[in-house]
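Report on one structure; see the data block that follows.
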Amino acid sequence: MKNWRETYRVLADDLTARGLDVAQIKASLKTQRVETPSWGYADSGTRFKVFRQRGAARTAYEKLADAAQVHKYTGIAPSVALHIPWDKVDDYAHLMSYAQGLGLQLGAINPNLFQDEEYMLGSLCHPDAAVRRQAINHCLECVEIAVTVGSNIISLWLADGTSSPGQDSIRGRKHRLLEALHEVYAAMPAPMCLLIEYKFFEPAFYHTDLGDWGMAYLMAEKLGDRAQVLVDLGHHPLGTNIEQIVALLIDEGRLGGFHFNNKKFADDDLTVGSINPYELFLIFNELIDGERDPQVTMDVAYMIDESINIKPKIESMLQSVINVQEAYAKALLINRDKLAEAQAAGRVVEAEETLLDAYRTDVRPLLAAVREEMGRAPDPITAFRASGYYEKVCAERIPEEGAGAGYPGA
Ligand code: RM4
Ligand code: MN
Ligand code: MN
């Protein structure tokens, strides 16, 4: 990155020669937004062990302070998703003004429907109406929190399912789910949206009540326009073509948001773009295709959902935001006229090469230029390291005793 200015000048000329509008590409990059998750700043682990990270945030306030660092160095991460009750505080209005003081907003509110003792057989789909009531009330509490903190998103991931054939009625559970979601949806004031996240397994291992995008889509269709589907990149069987799901949801006006991460095997929650950056690029190709289509209305929340156990939290979140930014930048370099011509003429190699021309371009100097124009450091990770923030929080934050396993409360 030393001589990035020189490299940028060469790259800008090259992009112009390729028929691309560099000023427009930079303008798009400046408006990109990625929400980071509060839980990504706190200790987490596998179900085997939580290794305490030095300096990891312990409270909702510390998580926000760390998220502010990610925004400070990238300029594109001004909002933070909350998970309730992991981020439970007495005064949410106070938390919101603290966030605002840091230059942040509070983003999606994530209800937790998987950690109460009562949820062994499910939450919104539980056979017992009293447990369903508890789960619905928790969602209603999250709607109230969202109103208080000025958030327009309830991001619902349902852990419900069964782990043995015959354990419960699959259709019965579908009916219970729909009834519960209707009540939650009715309590949400416009323009608040319900994002419905699906996942094909875990913690249930026989069937999951919202197992794939079709099931989430079905619920969204039945609820109304403000119910949309959330695609978590780690929630599909290996080999699934996620970009196709994205394209279909865009086309049906039901793509509500993303949980960015990456997987090698299952729901690994690894750094987005670390295992399969080409897939991420192809997803952004579909997103840009949708954005440019006047027939399509899109309002997508781009959020990170990772559980990074080994890397230091803030650096790793910077890396994630940068990886998303690079994928978007590369997808912006696709010559879409050329692609459309090649597709129409059936020139398959040319079509693919058009994608690869963009994908193979090193966009780091372009992003350095964009950051500088936004008044940020050209290289976020190096600048963060030089700031001394990490050493400061390591000295201040003494980890709590007794490291457990899994997510907080597990
Ligand atoms: C789930 C899902 C949710 C996340 C929890 C912790 O697998 O991805 O979005 O909140 O994990
Ligand atoms: Mn998720
Ligand atoms: Mn997940």
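Under our numbering, the first residue of the sequence shown is numbered 8, with each subsequent residue one higher.
Virtual Cβ for every residue (Gly too), placed ideally from N, Cα, C.
Helix, strand or coil at residue i according to DSSP, with G and I counted as helix
i      : result
Gly263 : strand
Ile83  : coil
Val236 : strand
Ala384 : coil
Pro466 : What is shown of the chain runs 8 to 417, which leaves residue 466 out entirely.
Ala49  : strand
Thr215 : strand
Gly241 : coil
Ala352 : coil
Leu22  : helix
Gly221 : helix
Lys399 : helix
Gln251 : helix
Thr368 : coil
Val377 : helix
Asp258 : helix
Arg404 : coil
Lys37  : helix
Leu27  : coil
Arg343 : helix
Asn57  : For the sequence presented, residue 57 should be read as Val rather than Asn. Here Val57 sits in coil by DSSP.
Bridge partner(s) assigned by DSSP for residue i
i      : result
Ser162 : Leu202
Glu357 : Partner(s): none; Glu357 has no beta bridge.
Thr169 : His214
Residue i burial status per 10 Å Cβ neighbour count (16 or more: buried)
i      : result
Asp98  : exposed
Tyr2   : Residue 2 lies beyond the range of the chain shown here (8 to 417); nothing can be said about it.
Gly382 : exposed
Thr43  : buried
His427 : In the structure as shown, the chain begins at 8 and stops at 417. Residue 427 is therefore absent and cannot be evaluated.
Arg180 : buried
Ser170 : exposed
Met177 : In the sequence as displayed, the identity of residue 177 is Ile instead of Met. That one is exposed.
Glu422 : In the structure as shown, the chain begins at 8 and stops at 417. Residue 422 is therefore absent and cannot be evaluated.
Leu363 : exposed
Asn17  : Note on identity: in this sequence residue 17 is Val, with Asn being the wrong assignment. Per the 10 Å Cβ criterion, exposed.
Val355 : exposed
Lys271 : exposed
Minimum Cβ-Cβ distance from residue i to chain C less than 8 angstroms
i     : result
His78 : Chain labels in this structure do not include chain C; a single protein chain is all it has.
Extract the residue ranges of the beta strand (DSSP E) inside the segment 173-210, only unbroken runs of 3 or more that lie entirely within it.
200-204
Determine, using beta-carbon pairs with one atom in the segment 38-56 and one in the segment 291-301, whether at least three such pairs fall under 8 angstroms.
no
In chain order, each beta strand (DSSP E) run of at least 3 residues that lies wholly inside the segment 269-339
308-311
In chain order, which continuous runs of the beta strand (DSSP E) of length 3 or greater are located wholly inside the segment 59-146?
86-91 and 112-118
Decide if the segment 266-286 is in contact with the segment 308-327; the criterion is three or more beta carbon pairs, one per stretch, under 8 angstroms apart.
yes
Should the segment 29-37 be regarded as contacting the segment 329-339, the criterion being three or more beta carbon pairs within less than 8 angstroms?
yes
Hey, is the segment 62-71 in contact with the segment 376-390, meaning 3+ C-beta pairs nearer than 8 angstroms?
no
I want to know whether the segment 182-197 touches the segment 221-232 - three or more CB-CB distances under 8 angstroms.
yes
Closer than 8 angstroms is the cut-off here; do at least three beta carbon pairs connect the segment 126-143 with the segment 78-96?
no
Give a yes or no on contact between the segment 78-89 and the segment 102-118, applying the rule of three or more CB pairs nearer than 8 angstroms.
yes
Assess, as a yes-or-no matter, whether the segment 144-156 is touched by the segment 72-83 under the definition of 3 or more beta carbon pairs within less than 8 angstroms.
no
Counting Cβ pairs, one atom from each stretch, are 3 or more of them under 8 angstroms apart for the segment 324-331 and the segment 245-259?
no
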